[in-house]
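Student: Here the sequence shown is numbered in numbering that gives the first Met the number 0, starting from 0 and rising by one per residue.
Following this message is one structure expressed as C-alpha cells.
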Amino acid sequence: MLTTYNSYLAHILIIVSRELEVMNNIVMNKQLLHEQYGITVDQEISSGAVNIYNGGGRVFMSFALNMEEQELQERSSLAYHMHNKGEKGVWLPLLNKEQKLLTKLESNDYVVCINEMEIPQSYEIGRELAIFHYRGRSIPQRIVFCSRIGKWKEM
C-alpha cells in the first residue's frame, strides 16, 4: 500500500523538511511508536530526520522539532480546524500515551502526526491549494506564532 503513496509523500517530505527545524538524524523507531502511541508499523520511508510509516492502512509521520509549545499548540489547532472544515490532506498531531504532543527522545522533542487522506487518481495541486486557503479563512482564533501572511515570497 505504501508504494502508491511514494510520489505524493516525497512531495510532502520536501515541504515538511523546508518548514521544520530538523535537529539531527536521530529518528523515532518502530518500537517507540508502539510504546508511546500504540502504533504498529508495517513499512517506513525516511528522509533525513523525517520518517513516514504505514501501519494498519494508515500513514504516520514522525520528526524532531525545535518549536515553542505555544506555537505547536497553535499549529495543532490549525491542523484540526482545517481537517474539520474538510481538508483531508492535513497532518494531524497525535497525543502520546501521556496525553502530550511532544515525546522526548534523548535530548530531542518529537511529534507524531497522522494523515487520513486517500490519494485521489488525479491530484491537481493548484486547485487543492486554492481550496485549502479558502478553508483557512474561517479560522476563529488570531494566529500569532505561525502567521505567514504576506511572507509567501520568503517561503
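C-beta: ideal position from N, C-alpha, C; glycine also.
1) Rounded to a whole number of angstroms, what is the C-alpha to C-alpha distance between Arg74 and Pro92?
2) What's the gap between the Cα of Gln98 and the Cα of Glu67?
3) Using 8 Å for Cβ pairs, my map puts Glu86 next to Phe144. What's the rounded Cβ distance?
4) Whose C-beta lies closer than 8 Å to the C-beta of Gln72 among residues of the same chain, with five residues either side of it excluded?
5) Taking the alpha-carbon positions, what's the Val58 to Asn114 distance?
6) Whose C-beta lies closer than 8 Å to the C-beta of His33 among residues of the same chain, with five residues either side of it excluded?
7) Cβ of Gly88 within 8 Å of Cβ of Glu127?
8) In this structure, how does DSSP classify Phe62 when only helix, strand and coil are distinguished?
9) Look at the alpha carbon of Met81 and the alpha carbon of Ser106, and state the distance between them as a whole number of angstroms.
10) Note the first and the last residue of the continuous alpha helix (DSSP H) segment covering Asn107.
11) Less than 8 Å between the C-beta atoms of Lys84 and Ser146, yes or no?
12) Going by DSSP, what residue range makes up the alpha helix (DSSP H) through Leu104?
13) Closest to Gly56 by C-alpha separation, out of Gln69, Glu70, Ala63, Met116, would be which residue?
14) Between Asn95, Leu64, Leu77, which has its C-alpha nearest Gly37's C-alpha?
Tutor: Working from what's here:
1) Arg74 and Pro92: Cα-Cα distance of roughly 9 Å.
2) Taking the Cα positions, Gln98 is about 17 Å away from Glu67.
3) With 8 Å as the limit, Glu86 and Phe144 do not qualify as a contact, their Cβ atoms being about 20 Å apart.
4) For Gln72, where only same-chain residues beyond five positions count, the Cβ hits under 8 Å are Leu100.
5) C-alpha separation (whole angstroms): 6 Å.
6) If you ignore the 5 residues before and after His33, its C-beta comes within less than 8 Å of the C-beta of Thr39, Val40, all in its own chain and listed in chain order.
7) In this structure, Gly88 sits near Glu127, with a CB-CB distance shorter than 8 Å.
8) Phe62 falls in the strand class under three-state DSSP.
9) Each residue's Cα considered, the two are about 31 Å apart.
10) Membership of Asn107 in any alpha helix (DSSP H) is not indicated; the residue belongs instead to the beta strand (DSSP E) covering 107-114.
11) When the beta-carbon positions are compared, Lys84 and Ser146 stay at least 8 Å from each other.
12) Where Leu104 is concerned, there is no enclosing alpha helix (DSSP H), although the beta strand (DSSP E) it sits in stretches over 102-104.
13) Distances from the CA of Gly56 to each of Gln69, Glu70, Ala63, Met116 were compared; the closest alpha carbon is that of Met116.
14) Of the candidates Asn95, Leu64, Leu77, the residue whose Cα lies closest to the Cα of Gly37 is Asn95.
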